[in-house]
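Enquirer: Here the sequence shown stands for residues 11 to 189, where the numbers follow the numbering used here.
Ideal Cβ positions, reconstructed from N, Cα and C, are used throughout, including at glycine.
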Amino acid sequence: MKTLLSVYLLLFSSLLIAAGTQVELVKVEDADTLVVKLDGREDRIQLLGMDAPEDTQNPKLKVDMARTGLTAGELLPLGHEATEYLRALVKPGDMLLLSGDLKKRDRYGRIGAEVTMTNGLSINTTLVAAGYARPLKPETLPQELRDRLQQAWLQAREQKLGLWASQPAAFQAWVKAQK
11 MKTLLSVYLL LFSSLLIAAG TQVELVKVED ADTLVVKLDG REDRIQLLGM DAPEDTQNPK
71 LKVDMARTGL TAGELLPLGH EATEYLRALV KPGDMLLLSG DLKKRDRYGR IGAEVTMTNG
131 LSINTTLVAA GYARPLKPET LPQELRDRLQ QAWLQAREQK LGLWASQPAA FQAWVKAQK
């Protein structure tokens, strides 16, 4: 039985590697952006289909402050906690798999991708399931990813995980203010 499970995991990992582009993590920039080595150069990857609170003073934080009525002092701890969770999950030098349109960039120059660890876990889904990010629902997302993120979101909220547990009022205000 143990051997059968090992063979299954090996086959599953091989399928994941075949389905994605393997990259090396350079650093976690924030809770929804990674810097990786892709095709011999560093590139910024936006975790597709999800959004996490900001952890630095930037234009998006100012928008969040205006939308929520909260101060930077109330919002930044959400981002810091989410970023620290991601930094505990993956480390520089880790090999990751990217899935998605790697030629398409967002307005910040980032490539949107689902990022999978070599053990098969989706970082995108894991952050939402742990209560450190919220799902996005753009029509351009693959339906399977949207469904997975939504299910993870409902579970995290119901079980009061992550930011739902540590900073519920600020997180709920941030979530409600997002468009």
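1) Here's the rule I'm using: 16 or more other beta-carbon atoms within 10 Å means buried, otherwise exposed. How should ALA175 be labelled?
2) Relative to the alpha-carbon of GLY122, which residue among VAL45, ALA41, ILE55 and ASP42 has its alpha-carbon at the smallest distance?
3) Classify ASP40 as helix, strand or coil using the three-state DSSP reduction.
4) Given a cut-off of 7 Å on the beta-carbon distance, is the pair GLY30 and LEU112 in contact?
5) Looking only at DSSP bridge pairs, what is ILE55 linked to?
6) In the DSSP assignment, find the beta strand (DSSP E) that holds SER109 and state where it starts and stops.
7) Alpha carbons only, please: which of MET75, ARG117, ASP40 and ARG144 is nearest the one belonging to GLU94?
8) Nearest CA to the CA of GLN161: which residue from GLY59, VAL38, VAL46 and LEU85?
Expert: Reading off the structure:
1) Locating residue 175 in the sequence shown gives position 165, where the first residue counts as 1. Its Cβ having fewer than 16 others within 10 Å, ALA175 is exposed.
2) By one-based count along the sequence shown, residue 122 stands at place 112. The residue with the shortest Cα to Cα distance from GLY122 is ILE55.
3) Numbered from 1 along the sequence shown, position 30 holds the residue referred to as residue 40. The answer is strand: DSSP assigns ASP40 an E or B state.
4) Locating residue 30 in the sequence shown gives position 20, where the first residue counts as 1. Locating residue 112 in the sequence shown gives position 102, where the first residue counts as 1. Cβ atoms of GLY30 and LEU112: not closer than 7 Å.
5) Looking up residue 55 in the sequence shown gives position 45. Bridge pairing for ILE55: LEU44 and ILE121 [DSSP].
6) Taking the first residue of the sequence shown as position 1, residue 109 is located at position 99. Element bounds for SER109: 105 to 109.
7) As a position in the sequence shown, residue 94 is number 84, starting the count at 1. From the listed residues MET75, ARG117, ASP40 and ARG144, the smallest Cα separation to GLU94 is found for ASP40.
8) Position 151 of the sequence shown, counted from the first residue, corresponds to residue 161. It is GLY59 whose Cα lies nearest to the Cα of GLN161.
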